[in-house]
Amino acid sequence: MPQATETDRRSQAALSALPEAYAHCATLVREQDQDRYITCLYAPESQRPSLFALYAFSLEIARIRALVSEPLPGEVRMQWWRDLLEGQASGETQGHPVAAALLDTIARYRLPIAPLTGLIEARIFDLYDDPMPSLRDLEGYAGETASALVRLASIILANGRDPGGAAAAGYAGVAYALTGLMRAFPWHAAEGQVYLPGDILARNGVTRDDIVRGRGGPGVLYTLKELRGIARGHLAKLRELRSTVPSAVMPAFLPVALVEPYLARMERSGYDPYRTIITLPAWRRQWAIWRMARTAG
Numbered sequence: 244m245p246q247a248t249e250t251d252r253r254s255q256a257a258l259s260a261l262p263e264a265y266a267h268c269a270t271l272v273r274e275q276d277q278d279r280y281i282t283c284l285y286a287p288e289s290q291r292p293s294l295f296a297l298y299a300f301s302l303e304i305a306r307i308r309a310l311v312s313e314p315l316p317g318e319v320r321m322q323w324w325r326d327l328l329e330g331q332a333s334g335e336t337q338g339h340p341v342a343a344a345l346l347d348t349i350a351r352y353r354l355p356i357a358p359l360t361g362l363i364e365a366r367i368f369d370l371y372d373d374p375m376p377s378l379r380d381l382e383g384y385a386g387e388t389a390s391a392l393v394r395l396a397s398i399i400l401a402n403g404r405d406p407g408g409a410a411a412a413g414y415a416g417v418a419y420a421l422t423g424l425m426r427a428f429p430w431h432a433a434e435g436q437v438y439l440p441g442d443i444l445a446r447n448g449v450t451r452d453d454i455v456r457g458r459g460g461p462g463v464l465y466t467l468k469e470l471r472g473i474a475r476g477h478l479a480k481l482r483e484l485r486s487t488v489p490s491a492v493m494p495a496f497l498p499v500a501l502v503e504p505y506l507a508r509m510e511r512s513g514y515d516p517y518r519t520i521i522t523l524p525a526w527r528r529q530w531a532i533w534r535m536a537r538t539a540g
C-alpha cells in the first residue's frame with residue numbers, strides 16, 4: 244500500500260538520522276553543561292548517548308527564556324515539548340535532533356513521561372520575573388528539575404529498571420540545584436530573576452527590588468549563607484542514604500561531587516554575589532568527580 248510504503252520510508256529515515264541526533268546532543272551538553280558531560284564519561288559507553296539526550300532536553304527547556312522576548316512565546320515552546328512527550332505534537336518532530344534522541348531514549352529505556360513533563364511545568368517559573376515565594380517552593384522546583392534528572396539518568400543506567408534510590412536522588416538533585424542557582428546569582432539578578440526564597444529574604448530584611456537593583460547588602464549575604472547550609476544538609480542526607488544507591492547508577496549522582504567545592508569558593512574572602520563568578524578549573528572538577536566515582540566503585 245502506498246501509504247504504508249511512505250510510512251516505512253519515514254521510519255527508516257528517522258532511524259538513519261538517530262546517530263546524528265545523538266551526536267548533536269553530546270555536543271550540546273559538552274558545550275553548555277560541562278559538569279554533567281564529564282560525569283557521562285563514567286557511564287558505560289552504550290548508555291552515554293541516552294544520558295546526553297536527557298541532559299540536552301533539560302538544556303533546551305532551560306534556555307527557552309533566553310530565546311524569547313516575553314513569557315507567552317516561551318510557554319508556546321514549552322507546550323510543544325509537552326505535546327511531543329504526550330504524543331500529540333504536530334509537524335515533523337524528527338526534524339529536531341534533541342526531540343528525536345529523547346523520544347528514542349524514552350522508548351529504549353521505558354522512561355516515565357511524568358517526570359519529564361513535570362520538569363517542563365517547573366521551568367515555566369523561569370519565564371517570569373516573579374520571586375521564589377519560599378524555601379519549600381525552591382526545594383520543590385529543584386526536585387522537579389535537577390532531582391528528576393538524577394532519577395531518570397538512574398533508570399537509564401539501570402537499563403530501564405527501577406534501580407531504587409529515589410530518596411537519594413531527591414537530596415542529590417536539590418543540593419546540586421541550590422548550588423547552581425547560587426552560582427548563577429549574578430546573571431539572574433541582572434535579568435530580574437530572583438530564586439532566593441522570599442521567606443528567607445524577608446527574615447533578612449531584603450526584597451526582590453533590592454536584589455535586582457544591586458543593593459541587597461548584608462541581607463543577601465546572610466540569605467546565601469543560610470542556603471549554603473541547607474545545600475549541605477541535603478548532602479548529609481544523601482550520604483546517609485549512600486547504601487541505597489547501586490554502584491551501577493552512580494554516574495547519575497556524580498555532579499554532586501562538585502557541590503562542596505563550589506560552596507567553599509563562595510566562602511572565600513572578598514566574595515561578592517553580584518560580581519564573583521564561582522567556578523573551578525577543569526582539572527579540579529575532573530579530579531573531584533573522579534574521586535567520588537573511585538570511592539563509589
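Numbering (the working numbering), first residue to last: 244 to 540. Ideal Cβ positions, reconstructed from N, Cα and C, are used throughout, including at glycine.
Could you tell me how far apart the beta carbons of residue i and residue j are, in whole angstroms, since I believe they sit closer than 8 Å?
i, j, result
"residue 293", "residue 371", "Not confirmed; about 32 Å, so no contact."
"residue 344", "residue 261", "7 Å"
"residue 411", "residue 311", "Contact flag wrong, Cβ pair sits at about 35 Å."
"residue 354", "residue 398", "6 Å"
"residue 323", "residue 304", "11 Å between Cβ atoms; not a contact."
"residue 359", "residue 342", "About 12 Å; that fails the 8 Å criterion."
Taking Cβ positions, are residue i and residue j nearer each other than 8 Å?
i, j, result
"residue 340", "residue 387", "no"
"residue 495", "residue 532", "no"
"residue 393", "residue 357", "no"
"residue 381", "residue 461", "no"
"residue 265", "residue 295", "yes"
"residue 478", "residue 396", "no"
"residue 506", "residue 475", "yes"
"residue 536", "residue 493", "yes"
"residue 278", "residue 451", "no"
"residue 432", "residue 449", "no"
"residue 419", "residue 502", "yes"
"residue 509", "residue 375", "no"
"residue 443", "residue 422", "no"
"residue 365", "residue 384", "yes"
How would you write the range of the alpha helix (DSSP H) that residue i sits in, first residue to last?
i, result
"residue 362", "357-366"
"residue 528", "525-539"
"residue 347", "340-352"
"residue 399", "391-400"
"residue 504", "502-509"
"residue 385", "378-385"
Evaluate residue i with the Cβ neighbour count: other Cβ atoms within 10 Å of its Cβ, from every protein chain shown; 16 or more gives buried, anything less gives exposed.
i, result
"residue 268", "buried"
"residue 390", "buried"
"residue 498", "buried"
"residue 290", "buried"
"residue 286", "buried"
"residue 250", "Caution is warranted here: a pLDDT of 46 is assigned to residue 250, below 50, making its placement in the model unreliable, and the coordinate value is therefore given only provisionally. Exposed: under 16 other Cβ atoms inside 10 Å."
"residue 436", "buried"
"residue 524", "exposed"
"residue 315", "exposed"
"residue 445", "exposed"
"residue 526", "exposed"
Kindly provide the ranges of any alpha helix (DSSP H) runs that are 4 or more residues long and lie completely inside the stretch 449-488, ordered along the chain.
451-455 and 461-483
I'd like the ranges of any alpha helix (DSSP H) spanning at least 4 consecutive residues and lying wholly in the stretch 411-447.
428-433 and 441-446
Give the list of continuous alpha helix (DSSP H) stretches no shorter than 4 residues that lie fully inside the stretch 284-314.
291-305 and 307-310
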